[in-house]
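> First the structure, which I've put down as structure tokens, then a few questions once you've had a look.
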Amino acid sequence: MVRQEYLSMSQGGAVPSTSSDIYKIGIYGWRKRCLYLFVLVLLAVLVVNLALAIWILRVMWFNSEGMGLLQVTADGVRLEGESEFLFPLYAQEIHSREDSSLLLHSSQNVTLNVRNDNGDVSGRLTVGPGMVKVQEESFEVTSDKGDMLFSADGNKVALGVEKLRVTGPEGALFQHSVETPLVKSDPLKDLRLESPTRSLRMDAPKGVHIKAAGGNTEAASNLDIILHTSEGMLILDAETVRLPKLPKGVGGLPRVTNTVYEVCVCPSGKLYFTWAALTSTCYDRQDC
3 MVRQEYLSMS
13 QGGAVPSTSS
23 DIYKIGIYGW
33 RKRCLYLFVL
43 VLLAVLVVNL
53 ALAIWILRVM
63 WFNSEGMGLL
73 QVTADGVRLE
83 GESEFLFPLY
93 AQEIHSREDS
103 SLLLHSSQNV
113 TLNVRNDNGD
123 VSGRLTVGPG
133 MVKVQEESFE
143 VTSDKGDMLF
153 SADGNKVALG
163 VEKLRVTGPE
173 GALFQHSVET
183 PLVKSDPLKD
193 LRLESPTRSL
203 RMDAPKGVHI
213 KAAGGNTEAA
223 SNLDIILHTS
233 EGMLILDAET
243 VRLPKLPKGV
253 GGLPRVTNTV
263 YEVCVCPSGK
273 LYFTWAALTS
283 TCYDRQDC
């Protein structure tokens with residue numbers, strides 16, 4: 003309560019007159035109690051926020067270098083130990099320590115996407131539990147020296163290695179043609195070229211060379227076996243060439259002691275053999 007006194011002097015009088023008025027300034031009653039309650043609630047909220055901030059800092063392991071195992075360095079972000087990402091991770095480069103490998107683990111698939119300037123996915127690598135899928139215009143595998151080992155695109159597949167080895171027990175299965183300068187087997191193993199239901203054809207601009215250094219060369223077919231050369235000769239270079247089912251002609255003079263035969267060729271290309279004589283026993287009257 004403030005007490006104010008106002009003294010006034012009358013213009014013609016010598017005795018002053020005193021007037022005393024009393025005014026009450028402040029908050030009283032229920033307003034004062036509400037104000038105190040609001041201040042108390044505000045103080046409680048402040049204490050709770052401070053406690054939550056301290057608890058978050060404690061749980062997340064915030065420190066001067068980063069957050070727990072996550073450290074912020076001049077080169078980027080360094081993460082120690084195992085980490086789990088619930089949402090996509092965007093990074094320019096990810097690499098492990100020099101003395102350890104980089105492990106990406108997922109209960110489903112691990113997918114790496116590459117986007118162009120428009121934000122569309124231009125390349126994708128998906129590693130799943132049963133397959134590895136690459137979606138790209140071209141795919142290439144290089145060696146540590148930068149040499150191309152394997153390349154594939156929409157038109158062709160190229161192998162840059164010097165030797166392609168197939169170790170499966172059933173060999174290799176090709177649905178269409180195969181172009182290669184050399185096909186050979188491992189030492190002490192047989193080489194078998196087989197077409198179970200269709201024909202097997204070998205073409206080369208300068209000839210086809212079939213060689214078996216330590217075994218036999220066998221060609222079997224349900225129908226015809228055709229050896230054709232457009233220019234040059236057909237050479238069978240071997241110590242012994244056997245045709246056990248070659249038919250016998252009627253020409254020549256059979257002799258008991260004669261074990262030399264003559265191989266004749268019909269105009270149709272059919273082969274047959276007869277007993278050899280001083281002159282050729284291949285006549286036009288032979289049954290071709």
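Mapping of the sequence shown onto my numbering: position 181 corresponds to residue 183, and the numbering continues sequentially without gaps. Built from N, CA and C at the ideal position, the CB exists for glycine as well.
(1) What does the alpha-carbon distance come out to for the pair Ala278 and Thr261?
(2) Going by beta-carbon coordinates alone, are Leu273 and Leu238 separated by less than 8 Å?
(3) What residue does the alpha helix (DSSP H) around Ala55 start on, and which one ends it?
(4) State the beta-bridge partners of Ser140 as determined by DSSP.
(5) Looking at Thr276: is its Cβ nearer than 8 Å to the Cβ of Lys250?
(6) Apart from the five residues on each side of it in sequence, which residues of its chain come closer than 7 Å, Cβ to Cβ, to Ile212?
(7) Measuring only the C-alpha atoms, how far is Leu72 from Arg80?
(8) Mark Cys266 as exposed unless 16 or more other C-beta atoms lie within 10 angstroms of its C-beta, in which case mark it buried.
(9) Hey, out of Ala221, Lys191 and Ser201, whose CA is closest to Ala215's CA?
(10) Could you compute how far the alpha carbon of Gly173 sits from the alpha carbon of Val61?
(11) Skipping 5 residues on each side, what residues in its chain have a beta carbon closer than 6 Å to that of Leu193?
(12) Taking the C-alpha atoms as reference points, what is the distance between Leu52 and Leu59?
(13) Under the rule that 16 or more other beta-carbon atoms within 10 Å means buried, what is Arg5, buried or exposed?
(14) Would you mind working out which of His97, Glu86 and Glu84 sits nearest Asp77, comparing C-alpha positions?
(15) Would you mind reading off the limits of the beta strand (DSSP E) that contains Thr128?
(16) In whole angstroms, what separates the C-alpha of Gly121 from that of Val134?
(17) Count the CB pairs spanning the segment 145 to 155 and the segment 112 to 127 that are closer than 8 Å, and state whether there are at least three.
(18) Taking only the alpha-carbon atoms, compute the straight-line gap between Pro207 and Leu229 and give it to the nearest angstrom.
(19) At the level of alpha carbons, what is the spacing between Leu106 and Leu166?
(20) Does DSSP put Gln110 in a helix, a strand or coil?
(21) For Asn115, which of helix, strand or coil comes out of DSSP?
(22) Please name the residue or residues paired with Gly68 in a DSSP beta bridge.
(23) Going straight from the alpha carbon of Leu45 to that of Thr75, what length do you get?
(24) Per DSSP, which one or two residues make a beta bridge with Thr276?
(25) Under a three-way DSSP split, which group does Leu81 fall into?
(26) Nearest to Tyr92 by alpha carbon, out of Gly83, Leu104, Thr113 and Arg200?
(27) Does DSSP put Met222 in a helix, in a strand, or in coil?
(28) Between Leu295 and Trp57, what straight-line distance do the alpha-carbon atoms span, to the nearest angstrom?
This is what the structure gives:
(1) 8 Å
(2) It is not a contact, given that the beta carbons lie outside the stated cut-off.
(3) Trp32 to Val61
(4) Asp155
(5) It is a contact, given that the beta carbons lie within the stated cut-off.
(6) Thr219
(7) 6 Å
(8) By the Cβ neighbour-count rule, Cys266 is buried, with 16 or more other Cβ atoms within 10 Å of its own.
(9) Lys191
(10) 59 Å
(11) Cβ within range, chain order: Ser187.
(12) 11 Å
(13) Per-residue confidence for Arg5 stands at a pLDDT of 40, beneath the threshold of 50, marking its modelled position as unreliable; the derived number appears in the next sentence. Classification of Arg5: exposed, given that the 10 Å Cβ count is below 16.
(14) His97
(15) Val123 to Val129
(16) Going from the Cα of Gly121 to the Cα of Val134 covers about 24 Å.
(17) no
(18) Their backbone Cα atoms lie some 14 Å apart in a straight line.
(19) 30 Å
(20) coil
(21) strand
(22) In DSSP, Gly68 forms a bridge with Gln73.
(23) 39 Å
(24) Glu264
(25) strand
(26) Thr113
(27) Checking the sequence, you will find Ala at residue 222 rather than Met. If DSSP states are grouped into helix, strand and coil, Ala222 belongs with coil.
(28) With the chain covering 3 to 290 only, the question about residue 295 has no answer from this structure.
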